[in-house]
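Structure first, commentary second.
Numbering (this note's numbering), first residue to last: 4 to 183.
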């Protein structure tokens, strides 16, 4: 739920419709970075929790932290044993589908695949689309004070003055800037 998409909302609404209460597990910033790379998450864990809690279909949110280890799997088994959920909603393609099935069934619940993967609706796809659009469409920057800017498409540094506007023009091949 790094950048909430329509696919997330549909999944959460379907999951909520399967039961009386929806409790959502959200990956910590550390776990998102581990799985998605150092440029993720885009939104902090506190922001992601706040956004999820604003959705009418979400009742509770908890944070999932730590590396995927047998100890973490044991945590889920204990959690399901304490909460006694009727349904564990997962997405199609979940790499831990069979583990999750065994854990939820041991707690007396059932596994339910709440939605099918929607092509082009993942956070990664949305972010890639935003990057592609921003690298190929001219943009106007309005600045309130003098500054130096690096044009992302060319790598050219330009000086701007107060109130000036600078047009970003696309290059034949986008230039990427490595930030550390």
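Ideal Cβ placement from N, Cα and C applies to all residues, glycine included.
Quick caveat, the model's predicted, so the values are computed rather than measured.
{"Asked": "Based on DSSP bridge pairs, tell me the residues matched to residue 27.", "Found": "64"}
{"Asked": "Kindly indicate which three-state DSSP category residue 92 falls into: helix, strand or coil?", "Found": "strand"}
{"Asked": "By a C-beta neighbour count over all protein chains shown, 10 Å radius and 16 as the cutoff for buried, is residue 96 buried or exposed?", "Found": "exposed"}
{"Asked": "Rounded C-beta distance between residue 42 and residue 70? I'm assuming under 8 Å.", "Found": "Actually they do not touch by this definition, with Cβ atoms about 19 Å apart."}
{"Asked": "Have a look at residue 57 and residue 67 and give me their C-alpha separation to the nearest angstrom.", "Found": "19 Å"}
{"Asked": "Consult DSSP for residue 10 and reduce its assignment to one of helix, strand or coil.", "Found": "helix"}
{"Asked": "With DSSP run on the structure shown, which of helix, strand or coil describes residue 35?", "Found": "helix"}
{"Asked": "Distance check for residue 79 and residue 107, CA to CA, integer angstroms please.", "Found": "9 Å"}
{"Asked": "Do the region 98 to 114 and the region 10 to 22 make contact, defined as three or more Cβ pairs closer than 8 Å?", "Found": "no"}
{"Asked": "Please report the straight-line C-alpha distance between residue 93 and residue 4, rounded to a whole angstrom.", "Found": "13 Å"}
{"Asked": "Taking the C-alpha atoms as reference points, what is the distance between residue 47 and residue 105?", "Found": "31 Å"}
{"Asked": "Please go through the same chain and pick out, in chain order, the residues whose beta-carbon is closer than 7 Å to the beta-carbon of residue 35, but skip the five residues on each side of it.", "Found": "5, 43 and 44"}
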